[in-house]
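So the protein lines, in turn, are chains S and G. Sequential numbering from 1 applies to the first sequence in our numbering. Sequential numbering from 1001 applies to the second sequence in our numbering. Glycine included, C-beta positions come from ideal geometry on N, C-alpha and C.
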Amino acid sequence: MAIGVKVLKRPEERVSYIRATLKGMALTFSHMFRPKWTMQYPEEKSTAEWSISPRWRGTHRMMTDEQGRSKCVACGLCPQICPANCIKLVPGEDEDGNRYPLIYEIDEFRCVFCGYCQEVCPEEAIHVGVHYENAEYSRDRFVYDLERLSSQTHPVSSLWDPTDPLGE
Amino acid sequence: MTPELKGFLLLTVIKLLVVFTVTLVGVALLTLMERKVSAWMQNRRGPNRVGWAGLLQPAADGLKNFIKEETYPGEANGWLFLLAPALSFGPAMMLGSVIPWGAPFPATFDFTLPVLGQFVHTGTSPFVVANLPIGFLFVLAVSSLGVYGIALAGWSSNSKYSLLGGLRASAQMVSYEVPLGMSLIPILLLSGNVSFSAIIAEQQAGIWFVLPLFFSFFVFLVAGFAETNRLPFDMPEAESELIAGYHTEYSAMKFSMFFIAEYANIVTVCAMTATLFFGGWDIPFTSWDQTPGIAQTLATAAVMFLKTMSFVFVIMWIRWTLPRFRYDQLMALGWKFMLPLSLGYVMTIGGAVWVLEDVMGLTDPTMRGLALFGLNLILGYIVFYLIDRGVIVKGSTRPPTRAEVIG
């Protein structure tokens, strides 16, 4: 099958390479004196032009009640819905019949940061956080246990609200 | 060894150390300058973390390159693979030794060292490591040696990208050697000598050669871009087509040597442009710099540095303005435009010099230069009218109509 090739006749009598070069050079030179857009990252983390979205889904945070205990009741919904299977939950029960997590671990390497755990949680205990600085020196530090999840202090994500799709 | 010879050797060794050190440090700083200029032209800040305003960034890069892992491709031709960086590094380092970086300085000394004996030197000493009488012929000869390093790197890496890059480099550099050499003949016609000192002296007596020999300057600059493999002629290392061209397979310090060689070549081309067309270390509108003295040497070296650096800036500026040429366009530009232009220019200037000197008897270099400048204005109108279809002169930017585009 023949391919249709459209040959354009270039208007060479109107094209000036040298003139275009000089114009381009004037443009690039003027750019040297325009305001810079670089954000000086470790010092400034948000500027007037850019700040992190409140709907950002980062590493998790477990909410605690007034006594400092985690709000989690070990219902098992978050490991159930987690598409990456990254949440490990072993439920326990105290003498009053209150359920609480014996083990609650999130493998942040496996996590895909979908935010379903926050959506599904009936107690508003587990949240994804507005947080992106996660550097560690070893891989096993990326399995966050209950104590670590509870001690996080960064703001939590306000997930997408279907009744307010534009966030207004 | 006579005391005079020992004095001469001592001076040469000192000048060698100074020029070599300044070249290497300057090349390191050029990598920073390149990154800074490219950042500014893209509304960025560039490296500013290591040292004050990023001034120690080259040191960090150098350290990184020293401690990086050296990789050897399994199928590479080992010895040639090792030889190639050295072959492009060596000539690049040699070139800085023949360029006069400043006015001659007074060097009169007579002292005796315990073991080495007596050192004597009288009069002035030129601010150049080797004051060769063959001048720019040496630069042309040695700079074309650099292509061996690149072609060998491409061949010995045993990788198709490297091979293509090496082939492109050799074809391009061989092609542009011709207009480069041709563009220097008019200088020879005006100065009557190929040595840099004589060319500078001639420009001090008359006017800078950029005015009477503008087309030589133009061809030299374009060919210089091609010789140093800089954009818009960076075919040998075109990232988007050939990964990194001839140095795809190189890592760590061997890669760095190609890099240093490239920047040293840029400095040489810029210093050559400044010397041949912009009066070298000459400070314009004054003859104070022509009497030897320490202050004069320092001032002229500073002026030479400024001139060279402004051409380095132009090279970086062009890099961030023009897109890369297509390979056939590159060859066509070299053989079909640059070569006829430079050849015709040699004929024109030769004829004009003959008319001016032998027929009209005009011997004053300033008057001769101005007359040639007038000739260049006429030539410029004709040449840029022909190749630019009159747009550069008339300034028409009317967009083509649909009928004209489709034909």
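- The beta-carbon distance between ARG99 of chain S and ALA74 of chain S, rounded to whole angstroms, is 5 Å. This is short enough to meet the 8 Å contact definition.
- Unbroken beta strand (DSSP E) stretches of 3 residues or longer found wholly inside the stretch 1012 to 1096 of chain G: none.
- LEU1113 of chain G is bridged by DSSP to G:GLY1117.
- When 8 Å is used as the limit between beta carbons, TRP50 of chain S is near no residue of chain G, the shortest such separation being about 14 Å.
- Taking C-beta separations shorter than 6 Å and ignoring five residues to either side along the sequence, the partners of MET39 of chain S in its chain run THR47, following chain order.
- Listed along the chain, the chain G residues whose CB falls inside 8 Å of the CB of GLY24 of chain S are THR1321 and LEU1322.
- Taking a cut-off of 8 Å for Cβ pairs, the stretch 1263 to 1271 of chain G and the stretch 1077 to 1094 of chain G touch, as three or more such pairs fall below it.
- Following the DSSP letters along the chain, one finds LEU89 of chain S inside the beta strand (DSSP E) bounded by residues 87 to 93.
- Contact between the stretch 1212 to 1225 of chain G and the stretch 1134 to 1153 of chain G is absent: fewer than three C-beta pairs spanning the two stretches fall below 8 Å.
- By the C-beta density criterion, THR1275 of chain G is buried, having at least 16 other C-beta atoms within 10 angstroms.
- Counting only the Cα atoms, VAL1098 of chain G lies some 34 Å from GLU1070 of chain G.
- For the pair GLY1206 of chain G and THR1366 of chain G, the CB atoms are nearer than the 8 Å cut-off.
- The continuous beta strand (DSSP E) containing HIS60 of chain S extends over residues 60 to 62.
- Check the Cα spacing between TYR41 of chain S and each of G:PRO1047, G:PHE1111 and G:MET1360: the tightest is with G:PRO1047.
- For the 8 Å CB-CB criterion, CYS86 of chain S and ILE103 of chain S do not form a contact.
- Inclusion of ALA1153 of chain G and TYR1072 of chain G in the CB contact set at 8 Å is not warranted, their separation being larger than that value.
- Within chain S, MET25, THR28 and PHE29 have C-beta atoms less than 8 Å from the C-beta of TRP1317 of chain G, given in sequence order.
- Each of G:VAL1022, G:ILE1200, G:TRP1079 and G:LEU1231 was checked against the Cα of SER1287 of chain G, and the nearest Cα belongs to G:ILE1200.
- In the three-state DSSP reduction, SER70 of chain S falls in the strand class (E or B).
- Listed by position along chain S, the residues whose Cβ is nearer than 7 Å to that of ARG1045 of chain G are LYS36 and THR38.
- Taken through DSSP and simplified to helix, strand or coil, VAL130 of chain S comes out as coil.
- Here LYS1068 of chain G is exposed. Its C-beta has fewer than 16 other C-beta atoms within 10 Å.
- Residue nearest to ALA1103 of chain G within the set G:ALA1084, G:ALA1302 and G:ALA1223 is G:ALA1302 (criterion: CA-CA distance).
- In chain S, no part has a C-beta under 9 Å from the C-beta of MET1001 of chain G; the shortest such distance is about 54 Å.
- In the DSSP assignment, PRO1232 of chain G falls outside any beta strand (DSSP E), carrying neither H nor E.
- Using a CB distance cut-off of 8 Å, TRP1101 of chain G does not count as an interface residue toward chain S.
- At least 8 Å separates the beta-carbon of GLY115 of chain S from that of LEU146 of chain S.
- Secondary-structure assignment with DSSP links PRO1106 of chain G through a beta bridge to G:THR1124.
- Between MET1309 of chain G and ALA1223 of chain G, the C-beta gap is not smaller than 8 Å, which leaves the two residues out of contact.
- Between LEU1242 of chain G and the set G:TYR1161, G:LEU1372 and G:LEU1167, the nearest pair of CA atoms involves G:TYR1161.
- In the displayed model, TYR104 of chain S falls within a strand according to three-state DSSP.
- With respect to the 8 Å criterion, LEU1221 of chain G and THR1273 of chain G are classified as neighbours on the basis of their beta carbons.
- Beta-bridge annotation (DSSP): TYR144 of chain S is paired with S:ILE106.
- A Cβ-Cβ contact shorter than 8 Å links THR1031 of chain G with TYR1263 of chain G.
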